[in-house]
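Asker:
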Ligand SMILES: Nc1ncnc2c1ncn2[C@@H]1O[C@H](COP(=O)(O)OP(=O)(O)O)[C@@H](O)[C@H]1O
Ligand SMILES: [Mg+2]
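In our numbering, the protein residues as written are 74 to 404.
In structure tokens form, the structure reads like this:
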């Protein structure tokens, strides 16, 4: 089976739509009125541990009932048509375990047979080939690296050629090269028309590989957009300084907003190069010694930290004017 050529059973422009999807665990609201529309794209849910990513994925994959609200996957309702939903999707959980006592091929074959696909042996061969595992298919999984095991899990998820693929933290615990490879495969699958719903807490990966990102914190979506548009919300340069000593916030000409992140000070300035000498002076006046300094464009980390830092002030969904107000208020 060629993933690129095979027609999908039910091509769908918006394969995931959620309506106020909500989940409580006792009093704890893990996911709070989530409204998303995911298209044919790599859609990333980006948030720290405990922000509700896994809970969201489990509801969308019919493994966990929402407390209220609902969602449609390829037009099928997760409450009323869970079996049809399951036909359209695959899910690779964060802690999925492949059987290390079997070979790669045996692991995938087991899934091919479970799914009841027409030609399990051929399906298995092509899934293994797609994930670059053909050479090692008949080796025991216990001889595989972490990256290869993750790819094997992806191969298992692919055998029935799903329309929507859910991946929960697919690169966690892998080295840089293995992560890159996983993302390369995810991008390839997107090109074949598969929609990918992926959670991660790695900002740099979301930035580089996702078409759109929802930033989630404590179960609430703070912003949804392309990584570039999210970054452009911070129309500032960022000057960081690592210092020794204690910085007591004070106004610096040209600096709109400053914050302390660990042993680093972060200054937001309309023009970083102009503000730099002013910042140096201001730190010198306070008797602080500067160990390192840099100017850069905003990253998704900066956007994330701002959105979450402002969560006490702005509990609703993110909007640009509120964000600018926050910047202004603190300047
Ligand atoms: N089965 C459960 N029972 C009670 N609380 C849970 C359960 N699963 C998750 N939680 C809580 O719900 C919140 C969201 O968890 P989770 O969806 O796993 O977040 P993430 O995947 O972003 O780390 C966390 O505060 C977590 O402790
Ligand atoms: Mg999780």
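Heads up, the beta-carbon is just placed ideally off N, CA and C, and yes, glycines get one too.
(1) Quick check: does the Cβ of residue 95 come within less than 6 Å of any heavy atom belonging to ligand 1?
(2) Taking the alpha-carbon positions, what's the residue 309 to residue 209 distance?
(3) Would you decide whether residue 233 is buried or exposed? Buried here means 16 or more other CB atoms lie within 10 Å of its CB.
(4) Would you say the beta carbon of residue 129 comes nearer than 6 Å to a heavy atom of ligand 2?
(5) List in chain order: all unbroken alpha helix (DSSP H) runs of 4+ residues lying wholly within the region 152 to 182.
(6) Secondary structure at residue 142, three-state DSSP: helix, strand or coil?
(7) Do you know how far the Cα of residue 188 is from the Cα of residue 121?
(8) Can you give me the Cβ contacts of residue 270 inside the same chain, cut-off strictly under 8 Å, excluding the 5 residues immediately before and after it?
(9) Report buried or exposed for residue 375, applying the criterion of at least 16 other Cβ atoms within 10 angstroms of its Cβ.
(10) Using DSSP bridges, identify the partner residues of residue 290.
(11) Taking the alpha carbon of residue 255 as the point to measure from, which residue in 235, 281 and 266 has its own alpha carbon closest?
(12) Three or more C-beta pairs closer than 8 Å, one from the region 163 to 179 and one from the region 208 to 228: is that the case here?
(13) Express the C-alpha separation of residue 317 and residue 365 in angstroms, rounding to a whole number.
(14) Does the distance from the CB of residue 224 to the CB of residue 201 come in under 7 Å?
(15) What do you reckon, is the C-beta of residue 126 under 6 Å from a heavy atom of ligand 2?
(16) Using the Cα positions of residue 220 and residue 248, report the straight-line distance between them to the nearest angstrom.
(17) Is the region 291 to 299 touching the region 136 to 156 in the sense that three or more CB pairs, one from each, lie closer than 8 Å?
(18) Which of helix, strand or coil does DSSP assign to residue 208?
(19) Check this for me: beta carbons of residue 169 and residue 226, under 7 Å apart or not?
(20) So, for residue 93: in the same chain, excluding its five sequence neighbours on each side, which residues have a beta-carbon less than 6 Å away from its beta-carbon?
(21) Taking the straight line between their C-alpha atoms, what separation do you get for residue 311 and residue 242?
(22) Inspect the beta-carbon positions of residue 325 and residue 351 and report whether they are closer than 7 Å.
(23) Compute every distance between the C-beta of residue 164 and the non-hydrogen atoms of ligand 1, then say whether any falls below 6 Å.
(24) For residue 150, which beta-bridge partners are listed by DSSP?
(25) Mapping the DSSP letters down to three states, classify residue 263 as helix, strand or coil.
(26) Enumerated in chain order, which unbroken segments of the alpha helix (DSSP H) with a length of 4 residues or greater are wholly contained in the region 272 to 359?
(27) At what residues does the beta strand (DSSP E) containing residue 124 begin and finish?
(28) In chain order, what residues of the same chain lie with their CB nearer than 7 Å to the CB of residue 222, ignoring the 5 residues before and after it?
(29) Grab the span of the beta strand (DSSP E) containing residue 107 for me, first residue to last.
(30) Does the separation of the CB atoms of residue 425 and residue 126 fall below 7 Å?
(31) In this structure, how does DSSP classify residue 137 when only helix, strand and coil are distinguished?
Answerer: Quick answer:
(1) No, ligand 1 has no heavy atom inside 6 Å of this Cβ.
(2) Residue 309 and residue 209 have their C-alpha atoms some 49 Å from each other.
(3) With 16 or more other Cβ atoms from the protein chains shown falling within 10 Å of its own Cβ, residue 233 counts as buried.
(4) It does not: the Cβ of residue 129 is nowhere closer than 6 Å to a heavy atom of ligand 2.
(5) As far as the region 152 to 182 is concerned, its whole alpha helix (DSSP H) runs of at least 4 residues are 155 to 161.
(6) Reduced to three states, the DSSP call for residue 142 is strand.
(7) Rounded to whole angstroms, residue 121 to residue 188 spans 33 Å at the Cα level.
(8) Hits under 8 Å: 89, 111, 116, 118, 130, 133, 237, 238, 239 and 240.
(9) Residue 375 should be labelled buried.
(10) In the DSSP assignment, the residues bridged to residue 290 are 293.
(11) Considering only alpha carbons, the answer is 281.
(12) Contact between the region 163 to 179 and the region 208 to 228 is present, with at least three C-beta pairs closer than 8 Å.
(13) If you draw a straight line from the Cα of residue 365 to the Cα of residue 317, it is about 10 Å long.
(14) Not in contact: residue 224 and residue 201 (Cβ atoms no closer than 7 Å).
(15) At least one heavy atom of ligand 2 is nearer than 6 Å to the Cβ of residue 126, so yes.
(16) Whole-angstrom Cα-Cα distance: 8 Å.
(17) No contact exists between the region 136 to 156 and the region 291 to 299.
(18) In this structure, residue 208 counts as helix in the three-state DSSP scheme.
(19) Yes. Within cutoff.
(20) Scanning its chain for C-beta atoms nearer than 6 Å, with the 5 sequence neighbours on each side dropped, one finds around residue 93 the residues 106 and 142, in chain order.
(21) Between residue 311 and residue 242, the C-alpha separation is close to 29 Å.
(22) In this structure, residue 325 places its C-beta atom within 7 Å of the C-beta atom of residue 351.
(23) Remark: the shortest separation between the CB of residue 164 and any heavy atom of ligand 1 does not fall under 6 Å.
(24) Its beta-bridge partners are 145.
(25) If DSSP states are grouped into helix, strand and coil, residue 263 belongs with the helices.
(26) Segments of the alpha helix (DSSP H) lying fully in the region 272 to 359: 276 to 282, 300 to 305 and 345 to 358.
(27) Unbroken run through residue 124: none, as it is neither H nor E.
(28) These residues qualify, in order along the chain: 171 and 214.
(29) Where residue 107 is concerned, the enclosing beta strand (DSSP E) stretches over 101 to 107.
(30) Residue 425 is absent from the structure shown; the chain starts at 74 and stops at 404.
(31) Reduced to three states, the DSSP call for residue 137 is coil.
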